[in-house]
Amino acid sequence: MLLRKFMSLVGIGSAKIDLILEKETYTPGEQITGYFLLKGGLIDQQLKRIDCDLVKVENGTEHIVDSTSILTSRSLESEASNKIPFSFILPTSLQISTEDISYRFKTRLTFTEGVESLDQDIIQIV
Numbered sequence: 057m058l059l060r061k062f063m064s065l066v067g068i069g070s071a072k073i074d075l076i077l078e079k080e081t082y083t084p085g086e087q088i089t090g091y092f093l094l095k096g097g098l099i100d101q102q103l104k105r106i107d108c109d110l111v112k113v114e115n116g117t118e119h120i121v122d123s124t125s126i127l128t129s130r131s132l133e134s135e136a137s138n139k140i141p142f143s144f145i146l147p148t149s150l151q152i153s154t155e156d157i158s159y160r161f162k163t164r165l166t167f168t169e170g171v172e173s174l175d176q177d178i179i180q181i182v
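Residue 57 is where the sequence shown starts when you use our numbering, and the numbers rise one by one after that.
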C-alpha cells in the first residue's frame, strides 16, 4: 500500500480528468455543455480543485481568454469514475478559428497531495 501511495504522489497511477464536450465546433456567444470525467487511480485521493481555462493560441502564443474553477473537498476512490457537469458561455468577441488562431480548453485537476492531472480539448470557433 505504501508503494502505491508513493507512485500516486509522483503521478504514476494517480487519478485523471477528462473534459467531455458535446461537440467540437461552436460560435461566439454559444453555451458549451459537457462534463468532467474523473477516473480514480491506484489509491483514494482527496481532490482540491478543478481549473479550466479557455486558451487562444495565436501564431504560437497562448493567451487565457477566460477561466472557471470548482473548489471541492471531495474524495475520489481508487478506480472509481465520477462525472461533474460543465457549462461555459463563450465570449461574443471571439475571433473565428484560422490557421493562425486556435482555441482549446486546458483543464487541471489538483489534489491535496500528489501531482496535477492535465487535459486539453481543442475547439473550433466558426
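Idealized CB from N, CA, C, for every residue including glycine.
Handout entry: Simplified DSSP assignment, three categories, for S137
Key = In the structure shown, the three-state DSSP call for S137 is strand.
Problem - Backbone CA spacing between I73 and F142 [nearest angstrom] - result: Cα atoms of I73 and F142: separation of roughly 13 Å, rounded to the nearest angstrom.
Exercise for the section: Let me know the secondary structure DSSP gives Q180 once reduced to three states. Expected result: Strand at Q180.
Handout entry: Buried/exposed call for L127, threshold 16 Cβ in 10 Å
Key = Its Cβ having fewer than 16 others within 10 Å, L127 is exposed.
Handout entry: Counted within 10 angstroms of its Cβ, other Cβ atoms place A136 as buried (16 or more) or exposed
Key = That one is exposed.
Practice task
Below 8 Å on the Cβ atoms is my guess for S149 versus Q180; work out the distance and round it to an integer in Å.
Solution key: Contact between S149 and Q180 does not hold, since their C-beta atoms are separated by about 17 Å, which reaches or exceeds 8 Å.
Practice task
Could you round the C-beta distance between D100 and L132 to whole angstroms and report it? I think they count as a contact, below 8 Å.
Solution key: Going by Cβ atoms, the distance from D100 to L132 rounds to 7 Å, so yes, they are a contact pair.
Handout entry: Length of the line joining the Cα atoms of Q176 and Y91
Key = Q176 and Y91 have their alpha carbons spaced roughly 14 Å apart.
Exercise for the section: Report yes if the CB atom of S173 is closer than 7 Å to the CB atom of V113, and no otherwise. Expected result: Taking 7 Å as the cut-off, the Cβ atoms of S173 and V113 do not count as close.
Exercise for the section: Kindly indicate which residue of Q151, R105 and I88 has the alpha-carbon position closest to the one of L94. Expected result: By alpha-carbon distance to L94, the top candidate from Q151, R105 and I88 is R105.
Exercise for the section: Can you give me the start and stop residues for the beta strand (DSSP E) that S70 sits inside? Expected result: Boundaries for S70: no beta strand (DSSP E) harbours it, and the DSSP string shows neither H nor E there.
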